[in-house]
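Written below as structure tokens is the structure these notes are about.
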Amino acid sequence: MRYSIIIILVLLLSVFGCSSSDDKDNSTPGSQIQNILNEAVTETHPGYSLYVDSPEYGTWKLAAGKADIETQEDMEPSSTLRLGSTTKTFTATLCLLLHEDGLLDFDRKLSEFLPEITVPHDSLITIENLLNMTSGILDYANDGDQIMNEILEDPTRIYTPQELVEYAIEITDPAEIHPGASWHYSNTNYVLLGLIIEEVSGSTYADLLRTSIIDHIGLDHTTVDEEPENFTHGYLDLDDDGLLDDVTSWNPTPFWSAGCLIGTAEDLGKFASALFKEEIITSGSLDLMQSWFPLGEGIPFEYGYGCGFHTDMNLIGHNGGTPGYAAEMWFHTDTGTIITVISNSNRTDGDHTFNIVHAVGQELNFGDGANARSLSGWITF
Numbered sequence: 395m396r397y398s399i400i401i402i403l404v405l406l407l408s409v410f411g412c413s414s415s416d417d418k419d420n421s422t423p424g425s426q427i428q429n430i431l432n433e434a435v436t437e438t439h440p441g442y443s444l445y446v447d448s449p450e451y452g453t454w455k456l457a458a459g460k461a462d463i464e465t466q467e468d469m470e471p472s473s474t475l476r477l478g479s480t481t482k483t484f485t486a487t488l489c490l491l492l493h494e495d496g497l498l499d500f501d502r503k504l505s506e507f508l509p510e511i512t513v514p515h516d517s518l519i520t521i522e523n524l525l526n527m528t529s530g531i532l533d534y535a536n537d538g539d540q541i542m543n544e545i546l547e548d549p550t551r552i553y554t555p556q557e558l559v560e561y562a563i564e565i566t567d568p569a570e571i572h573p574g575a576s577w578h579y580s581n582t583n584y585v586l587l588g589l590i591i592e593e594v595s596g597s598t599y600a601d602l603l604r605t606s607i608i609d610h611i612g613l614d615h616t617t618v619d620e621e622p623e624n625f626t627h628g629y630l631d632l633d634d635d636g637l638l639d640d641v642t643s644w645n646p647t648p649f650w651s652a653g654c655l656i657g658t659a660e661d662l663g664k665f666a667s668a669l670f671k672e673e674i675i676t677s678g679s680l681d682l683m684q685s686w687f688p689l690g691e692g693i694p695f696e697y698g699y700g701c702g703f704h705t706d707m708n709l710i711g712h713n714g715g716t717p718g719y720a721a722e723m724w725f726h727t728d729t730g731t732i733i734t735v736i737s738n739s740n741r742t743d744g745d746h747t748f749n750i751v752h753a754v755g756q757e758l759n760f761g762d763g764a765n766a767r768s769l770s771g772w773i774t775f
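Going from the sequence shown to the working numbering is simple: count from 1 and add 394.
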């Protein structure tokens with residue numbers, strides 16, 4: 395049971411805030427949002443950092459709880475945490491930029507790339523299938539136990555992207571691969587995209603990410619997590635004993651282009667804002683990112699996955715989780731509001747970070763359509 399909980403996990407106050415609004419009155423939206431964060435802090439959810447950019451109400455950078463439960467260091471808006479599968483939106487954006495440059499046709503087949511890796515039916519799987527999770531390739535992280543057991547045994551082990559793909563190939567039944575037929579969340583798709591990005595661009599994934607996105611739009615606190623460094627502590631209860639274990643030093647290589655970024659809630663919000671303002675990609679590329687594929691039979695397109703984007707009613711974005719961390723990045727289509735939340739715990743007793751997004755949406759009068767996570771049933775790395 396312990397392992398199954400962790401497999402699902404690895405999928406995906408003190409006030410240290412500033413605001414463009416006057417928050418001294420407890421009735422103001424900023425004060426109410428701070429209260430939402432304060433109330434979310436528990437023994438199993440030590441800390442949160444949140445960024446809200448609302449055209450109508452203003453901008454807030456807020457935090458609650460602890461960044462380090464041993465030293466009692468406070469979480470701050472400037473705290474850097476692992477961003478999990480929100481990395482996938484960055485990876486998809488790189489693919490769109492290569493597409494705009496004429497270097498990556500989304501109709502091209504996987505078999506045209508990566509000759510050192512043989513994926514079943516790779517002559518049928520397109521780049522688009524990888525982007526929208528319809529390749530049929532299983533998830534090395536959540537569809538099998540081997541890599542998770544290895545990580546538990548040695549959290550410092552280093553993995554290559556090729557190894558991650560091989561794990562997926564071992565557990566994937568070729569007879570079950572029907573590209574474009576159905577949606578299945580698989581980190582393997584985005585690891586393959588990372589390798590293809592390097593093949594097509596002639597650059598490393600990390601370098602291209604820095605030059606094309608991070609430096610381009612000034613994400614000063616966002617880095618590629620290639621080796622564990624000094625960032626906010628992350629926690630899991632590995633022993634089911636009710637006590638949190640520090641997993642900050644776990645090696646990040648099992649995540650790579652599916653979930654390797656570290657950053658702040660503000661940087662994550664700036665990235666989402668730049669996308670929707672077409673400061674990184676064109677309007678045509680943004681439309682491609684929102685070409686929704688339904689998450690299952692009978693589920694409408696209002697709950698779909700595009701190219702590195704998920705739609706949840708009137709919210710568009712992505713969530714994420716790596717051991718000890720959880721993240722949310724959402725754009726509200728009706729109001730143009732950006733909400734990002736990052737946490738140094740990703741326990742599965744409720745969508746604790748998305749619940750904050752929903753509560754903030756209610757405070758900002760989003761209406762009833764702001765929370766449909768129960769229908770999507772998706773898992774992130």
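Here a beta-carbon is modelled for each residue, glycine too, at the ideal position from N, C-alpha and C.
Item: Looking at the unbroken beta strand (DSSP E) that takes in L655, where does it start and where does it end?; Value: 655-657
Item: So, using beta-carbon positions, are Y445 and A659 closer together than 8 Å?; Value: yes
Item: Looking only at C-alpha atoms, which of I565, V594, T528 sits nearest to H572?; Value: T528
Item: Cutting at 7 Å between CB atoms, please list the residues of its own chain near T474, excluding the five before and the five after it.; Value: H615, F625, T626, I656, G657, T658
Item: In angstroms, rounded to a whole number, what distance separates the CA positions of G628 and L431?; Value: 18 Å
Item: Give the secondary structure of E522 by DSSP, where H, G and I count as helix, E and B as strand, and everything else as coil.; Value: helix
Item: Exposed or buried, what is K671 when buried is set at 16 or more other beta-carbons lying within 10 Å of its beta-carbon?; Value: exposed
Item: Taking only the alpha-carbon atoms, compute the straight-line gap between D601 and W454 and give it to the nearest angstrom.; Value: 31 Å
Item: I'd like the list of long-range same chain contacts for G711, defined as Cβ closer than 6 Å, with 5 residues on each side in sequence excluded.; Value: M723, W724, F725
Item: For L546, which of L669, L497, S643 has the nearest alpha-carbon?; Value: S643
Item: Can you grab the Cα-Cα spacing for the pair E506 / G478, in whole Å?; Value: 29 Å
Item: I'd like to know if the region 477-496 and the region 512-520 are in contact, where contact means that at least 3 CB-CB pairs between them fall below 8 Å.; Value: no
Item: DSSP three-state call for S448: helix, strand or coil?; Value: strand
Item: Any idea what DSSP makes of I693, helix, strand or coil?; Value: coil
Item: Any idea which residues DSSP pairs E467 with across the strands?; Value: D462
Item: Does the region 578-589 come close enough to the region 519-534 to have 3 or more Cβ pairs within less than 8 Å?; Value: yes
Item: Taking the straight line between their C-alpha atoms, what separation do you get for N749 and T647?; Value: 29 Å
Item: Since F665 and Q684 are thought to touch, with beta carbons under 8 Å apart, how far apart are those beta carbons, to the nearest angstrom?; Value: About 16 Å separates the two Cβ atoms, so there is no contact after all.
Item: Rounded to whole angstroms, what is the Cα-Cα separation between T550 and D468?; Value: 27 Å
Item: If we count the other Cβ atoms within 10 Å of its Cβ and call it buried at 16 or more, is E673 buried or exposed?; Value: exposed
Item: Taking C-beta to C-beta, are D537 and I563 nearer than 8 Å?; Value: no
Item: So A720 and K482 are in contact, right, with Cβ under 8 Å, and what is the actual spacing, rounded?; Value: Not a contact, Cβ separation roughly 15 Å.
Item: Give the DSSP-derived three-state secondary structure of K482 in the structure shown.; Value: helix
Item: Taking Cβ to Cβ, would you say T716 is nearer than 8 Å to P449?; Value: no
Item: Give the straight-line distance between the Cα atoms of I400 and M542, rounded to the nearest whole angstrom.; Value: In this prediction, I400 has a pLDDT of 37, which is less than 50 and means its spatial position is unreliable; nothing more can be read from the coordinates.
Item: Output needed for V594: all residues of its chain with C-beta closer than 6 Å, excluding positions within five of it in sequence on either side, in chain order.; Value: L492, L497, L498
Item: Does the separation of the CB atoms of L508 and L558 fall below 8 Å?; Value: no
Item: Name the two residues that bound the continuous beta strand (DSSP E) containing N713.; Value: 709-716
Item: Thinking C-alpha only, which one of I519, E544, I608, S597 is nearest G574?; Value: I519
Item: Cα-Cα, which of G441, T485, Y579 is closest to G361?; Value: Outside the shown range of the chain (395 to 775) lies residue 361, about which nothing can therefore be said.
Item: Can P471 and S443 be called in contact, C-beta distance under 8 Å?; Value: yes
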